[in-house]
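Participant:
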Amino acid sequence: MAVWVVSLIAVLFFLRILFRMLWSRTISLHVSRIKEDPNEKQARAFLKGIRSVWFVPNKPGLWIELKEAYFVILNGSEIDYETKLGIYQLLSKKRVYGLRKPYKRLHSKMMNEPSA
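Take any residue in the sequence shown, count from 1 to its spot, add 245: that is its number in the numbering used here.
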């Protein structure tokens, strides 16, 4: 009986390590893609990919990568406000701290038009 319990604990521990490695790799992959080319398509893929991660492993490097990716997205002019807000909400749920909430910017066309 004891051997069976020890074997089960060992298998569960191995699965935990495997999932943490998989999630770490998923996060790093999506962060590197968004840093290379921050556009709407990549931002939506980032949102979908990070949503598939159940929790962020407790590694300071991953938290920093997620925060850097968020600020790349936040400052990206090609990315819609709704996508930025969705990523902000998702990362807040994943307990990534130190993020600024996105705000709607006036479009440059509107600013260049003369006012009545």
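We put the CB at the ideal spot given by N, CA and C, even for glycine. Keep in mind that this is a model prediction, so the values were computed, not measured.
1. What ranges does the beta strand (DSSP E) occupy inside the segment 277-330, keeping only unbroken runs of at least 3 residues that lie completely in it?
2. Would you call the segment 250-263 and the segment 284-302 touching, i.e. three or more CB-CB distances under 8 Å?
3. If you run the structure through DSSP and keep just helix, strand and coil, what is R270?
4. Which one of E285, G294, I309 has the shortest CA to CA distance from K329?
5. Consult DSSP for R261 and reduce its assignment to one of helix, strand or coil.
6. Quick check on the burial criterion: 16 or more other C-beta atoms within 10 angstroms. Buried or exposed for Q334?
Facilitator: Quick answer:
1. none
2. With fewer than three CB-CB distances shorter than 8 Å, the segment 250-263 does not count as touching the segment 284-302.
3. helix
4. E285
5. In the three-state scheme derived from DSSP, where H, G and I count as helix and E and B as strand, R261 is classed as helix.
6. It counts as exposed.
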